[in-house]
Amino acid sequence: TFDFLIGVFVYNESTQNFEFTNANLTIVAASKTIFTDTLAAITNKVTVNDGYDNYFLSVTKDGYKTWTDTLTAAELKLYFRSEDKGPLKVILEKGCNCPTTVTDIEGNVYETVVIGNQCWMKANLKTTKYNDGTNIPLVIDNATWAALTTPAYCFYNNDEATYKNTYGALYNWYTVNTGKLAPKGWHVPNYDEVSVLVNYVGLIGGGKLKEIGTMHWLSPNTGSTNETGFSALPGGYRWDYGCQDIGNTGRWWSSKEINSINASPWVLYSDGSAIWWFNANGQPKNLGYSVRCIKD
């Protein structure tokens, strides 16, 4: 074995200084993990097995970009003594660790997009199963749907073949509230996370989220620039008497509960660029809305 020293730093904007922080360190050699632990906010001594040609180091911390480097054994050993190169100083940058795609329990693949420091799915959720593999109840009949106080999903006009791939599924809020709808490592955004998105683009900045053009949105698709890459689509919604407004409106649940009857969605329309954020009175939980997931 051999030892090396390592310290992790982040920039404190208040003091305008770099400061020690705790973070997670993983070391991989010869395709296997040989070290993984949480580093303290000090200079840490790390002991690893010798005999490998290269060591791949990965340092992670929530709210910061992942730091990685590959060092030979000889290079890594130099970080033990201050008279050589030690300790190894890792500086983390603020940001979001966002994979290029995410796959749900059924194998549906979704592209992702970073907006500010948030990592979002770039398409509406399509899954018909919870992330533990159990089925979400499919409800077709309108009267049954209207009376629900339990989870359910459907596709627009009960036409999976036409609408699933483009617009995803429609879920009532009871499905959201199970906490099992999003792929593992992801979740339906809470009140604060939707607020961050709304504040980032502005209350009249909904066009920055909408797909450009009128292939899916009805004309005039006001203000649409999609400069965030969110590519919001107008999947319509389901209410007591069926589905309506596809092309005209996109409606997405948050996980925020208002009361025993209502929860909080946010809405975009084809004829405006405002974001309608129903964060006070909410909308009935039995409505079927689209879902966009955000990374944990």
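Taking my numbering, the leading residue of the sequence shown gets 203, the next gets one more, and so forth. C-beta: ideal position from N, C-alpha, C; glycine also.
Does residue i come out as helix, strand or coil in the three-state DSSP assignment?
i, result
"residue 308", "coil"
"residue 508", "Any property of residue 508 remains undetermined from this structure, which presents the chain solely from 203 to 498."
"residue 346", "helix"
"residue 399", "helix"
"residue 493", "coil"
"residue 383", "coil"
"residue 296", "strand"
"residue 270", "strand"
"residue 367", "helix"
"residue 362", "helix"
"residue 459", "strand"
"residue 405", "coil"
"residue 332", "coil"
"residue 210", "strand"
"residue 372", "strand"
"residue 324", "coil"
"residue 280", "coil"
Could you pull the DSSP bridge partners for residue i from this structure?
i, result
"residue 434", "412"
"residue 170", "Absent from the model: residue 170. The displayed extent of the chain is 203 to 498, so no value can be given."
"residue 227", "239 and 261"
"residue 418", "Looking at the DSSP assignment, residue 418 forms no beta bridge with any residue, so it has no partner."
"residue 485", "465"
"residue 313", "303"
"residue 205", "249"
"residue 452", "470"
"residue 444", "441"
"residue 221", "212"
"residue 287", "Paired residues: none, contrary to the question."
"residue 337", "331"
Can you tell me whether residue i is buried or exposed? The criterion is at least 16 other CB atoms within 10 Å of its CB, across all chains shown.
i, result
"residue 422", "exposed"
"residue 283", "exposed"
"residue 475", "buried"
"residue 357", "buried"
"residue 355", "buried"
"residue 477", "buried"
"residue 247", "exposed"
"residue 293", "exposed"
"residue 443", "exposed"
"residue 384", "buried"
"residue 302", "exposed"
"residue 219", "exposed"
"residue 372", "buried"
"residue 214", "exposed"
Out of curiosity, what's the CA-to-CA distance linking residue i and residue j?
i, j, result
"residue 425", "residue 387", "33 Å"
"residue 291", "residue 322", "31 Å"
"residue 415", "residue 409", "11 Å"
"residue 482", "residue 463", "13 Å"
"residue 447", "residue 300", "32 Å"
"residue 370", "residue 437", "8 Å"
"residue 241", "residue 380", "34 Å"
"residue 461", "residue 317", "30 Å"
"residue 427", "residue 324", "15 Å"
"residue 278", "residue 206", "7 Å"
"residue 353", "residue 338", "7 Å"
"residue 330", "residue 403", "31 Å"
"residue 378", "residue 452", "17 Å"
"residue 157", "residue 456", "Look at the range of the chain in this structure, 203 to 498, and you will see that residue 157 is not part of it."
"residue 343", "residue 374", "14 Å"
"residue 480", "residue 281", "54 Å"
"residue 449", "residue 496", "24 Å"
"residue 440", "residue 265", "36 Å"
"residue 431", "residue 295", "22 Å"
"residue 276", "residue 223", "26 Å"
"residue 458", "residue 435", "22 Å"
"residue 271", "residue 445", "52 Å"
"residue 252", "residue 333", "40 Å"
Within the present structure, is the beta-carbon of residue i separated from the nearest heavy atom of the ligand FMN by less than 7 Å?
i, result
"residue 450", "Summarising the ligand content, the structure contains no ligands, and the ligand FMN is consequently not present."
Task: the region 487-498 / the region 457-474 touching (three or more Cβ pairs under 8 Å) - done: Yes, the region 487-498 touches the region 457-474.
- [ ] Check whether the region 232-240 touches the region 290-310, counting contact only when three or more Cβ pairs, one atom from each stretch, lie closer than 8 Å.
- [x] Note that the region 232-240 does not touch the region 290-310; fewer than 3 beta-carbon pairs, one per stretch, sit closer than 8 Å.
TODO: Answer yes if the region 211-231 comes into contact with the region 254-261, meaning at least three C-beta pairs across the two stretches below 8 Å, and no otherwise.
DONE: Verdict: yes, contact present.
TODO: Please determine if the region 341-357 and the region 311-320 are in contact, where contact requires at least 3 C-beta pairs separated by less than 8 Å.
DONE: Contact fails between the region 341-357 and the region 311-320, because fewer than three Cβ pairs, one in each stretch, are under 8 Å apart.
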